[in-house]
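K.L.:
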Amino acid sequence: MTRYRKVAVFGATGRVGREVTRALAEEGFDVVPISRQVTVVAGIKTQKLASLETFDVVVSTVGLHGKAAQLDLIQQAKDQGVKQFIASEYGVHPDTDAGKSDFFTATRELRQILHDAGFPDGWTAIASGFFDNILPLLVGADVNALSITVRGSGQVRHSFTLRYDIGRVLAATFDRPLEYKDTWITVANAWYTLEDVAHKVEQFTGRDWQVRKTPTDMKMPILHLTEENG
135 MTRYRKVAVF GATGRVGREV TRALAEEGFD VVPISRQVTV VAGIKTQKLA SLETFDVVVS
195 TVGLHGKAAQ LDLIQQAKDQ GVKQFIASEY GVHPDTDAGK SDFFTATREL RQILHDAGFP
255 DGWTAIASGF FDNILPLLVG ADVNALSITV RGSGQVRHSF TLRYDIGRVL AATFDRPLEY
315 KDTWITVANA WYTLEDVAHK VEQFTGRDWQ VRKTPTDMKM PILHLTEENG
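According to our numbering, the sequence shown is numbered sequentially starting from 135.
(1) For Lys-334, does the three-state DSSP call read helix, strand or coil?
(2) Taking the alpha carbon of Tyr-298 as the reference point, which residue from Arg-170, Tyr-224, Gln-218 and Val-191 has its own alpha carbon closest?
(3) Following the continuous beta strand (DSSP E) through Asp-164, name the residue where it begins and the one where it ends.
(4) So, with DSSP's three-state summary, where would you put Thr-283?
(5) Mind checking Gly-301: buried by the 16 CB within 10 Å criterion, or exposed?
(6) What is the DSSP secondary structure of His-227, counted as helix, strand or coil?
(7) Considering only residues of the same chain and omitting the five flanking positions on each side of Phe-265, which have a CB-CB separation below 8 Å?
(8) Determine the extent of the beta strand (DSSP E) in which Gly-301 is found, giving its start and end residues.
(9) Quick one: complete alpha helix (DSSP H) runs, 4+ long, within the stretch 201-255?
(10) Taking just the CA atoms, how far does Phe-237 sit from Phe-253?
(11) Skipping 5 residues on each side, what residues in its chain have a beta carbon closer than 8 Å to that of Lys-347?
(12) Helix or strand or just coil, what does DSSP make of Gly-274?
(13) Keeping to the same chain, check which residues put their C-beta closer than 8 Å to that of Thr-307; ignore five residues upstream and five downstream.
(14) Please report the residue range of the beta strand (DSSP E) in which Thr-350 lies.
(15) Cβ atoms of Val-191 and Phe-146: under 7 Å apart, would you say?
(16) Kindly confirm or deny that the stretch 178-189 and the stretch 207-214 touch, where touching means at least three C-beta pairs closer than 8 Å.
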């Protein structure tokens, strides 16, 4: 199987898209960042969505509010000969109890549409847990009061992943795409409870901190569902 060469990153100006674009470019791929914004990502000028006929693979990095846009993108990519589509998942594995919750109904429906589209090299999805930039939302620190606020029980182990490494993992699959056809890949740089994170703050500062806990809710759905269901 020939290594993919040309990659379109949809949603490339977002927090995930920027890092994925940078990683793929540094791995030597011909990357085109697709965005409605006219800017530069990883030293590459963005382009608005046009023809996908010359691309090997489309990587979607849109957020939750951009899921519907993926439907048209999937159809266009299939019609124009793209070999593989990477949907914007990057979260909870569907086989976990949290992944089976009603919150992910739309995601499951999109996944079925993608599967039914029948791309020649199928799809690959990544379960990554929390990204590195989310940690301050999960554990807050009041330096003056030496107080740390942990959301949830603090005792559930969560996976944490660098956004840049999502791009590196995808790059590895693009070297041997058929080995990862229609496959989920679990990626994690580390597994921590939020209490572990609080203890690391104590170790780093060499001081004792008061740890407070606050309940989770659906304002932070991924954390809440993993706390409730694992």
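Glycine is no exception: its CB is placed at the ideal position from the N, C-alpha and C atoms.
P.N.:
Checking against the coordinates, here is how it stands:
(1) As a first step, residue 334 is located in the sequence shown; it is residue number 200 there, counting from the start. In this structure, Lys-334 counts as helix in the three-state DSSP scheme.
(2) In the sequence shown, counting from the first residue as 1, residue 298 sits at position 164. When Arg-170, Tyr-224, Gln-218 and Val-191 are compared, the shortest CA-CA separation from Tyr-298 is found for Tyr-224.
(3) In the sequence shown, residue 164 corresponds to position 30, counting from 1. Secondary structure note for Asp-164: its beta strand (DSSP E) is the uninterrupted segment 164-168.
(4) Counted from its first residue, the sequence shown places residue 283 at position 149. The answer is strand: DSSP assigns Thr-283 an E or B state.
(5) Position 167 of the sequence shown holds residue 301. Result: buried.
(6) Residue numbering aside, residue 227 sits at position 93 when the sequence shown is read from its first letter. If DSSP states are grouped into helix, strand and coil, His-227 belongs with coil.
(7) For the purposes of this step, residue 265 is identified with residue 131 of the sequence shown, where counting begins at 1. Cβ neighbours of Phe-265 beyond the five flanking positions: Arg-149, Val-150, Tyr-224, Phe-294, Thr-295, Leu-296 and Arg-297.
(8) Locating residue 301 in the sequence shown gives position 167, where the first residue counts as 1. Looking at the DSSP string, Gly-301 is not in any beta strand (DSSP E); the run it does join, the alpha helix (DSSP H), is 297-309.
(9) 201-213 and 239-251
(10) Within the sequence shown, residue 253 is the residue found at index 119, counting from 1. Within the sequence shown, residue 237 is the residue found at index 103, counting from 1. C-alpha separation (whole angstroms): 27 Å.
(11) Locating residue 347 in the sequence shown gives position 213, where the first residue counts as 1. The residues are Thr-283, Val-284, Arg-285, Gly-286, Ser-287 and Gly-288.
(12) On the sequence shown, position 140 is the one that residue 274 refers to. Residue state for Gly-274 is assigned as strand, using DSSP reduced to three classes.
(13) As a first step, residue 307 must be located in the sequence shown, where it is residue number 173. Cβ-Cβ distances below 8 Å link Thr-307 to Thr-258, Glu-313, Tyr-314 and Ile-319 in the same chain, with the five nearest sequence neighbours on each side left out; the list follows chain order.
(14) Start at 1 with the first residue of the sequence shown, and residue 350 comes out as number 216. Looking at the DSSP string, Thr-350 is not in any beta strand (DSSP E), and its letter there is neither H nor E.
(15) Walking along the sequence shown from the start, residue 146 turns up at place 12. Walking along the sequence shown from the start, residue 191 turns up at place 57. Contrary to the premise, residue 146 reads as Ala rather than Phe in this sequence. Contact flag unset, no.
(16) yes
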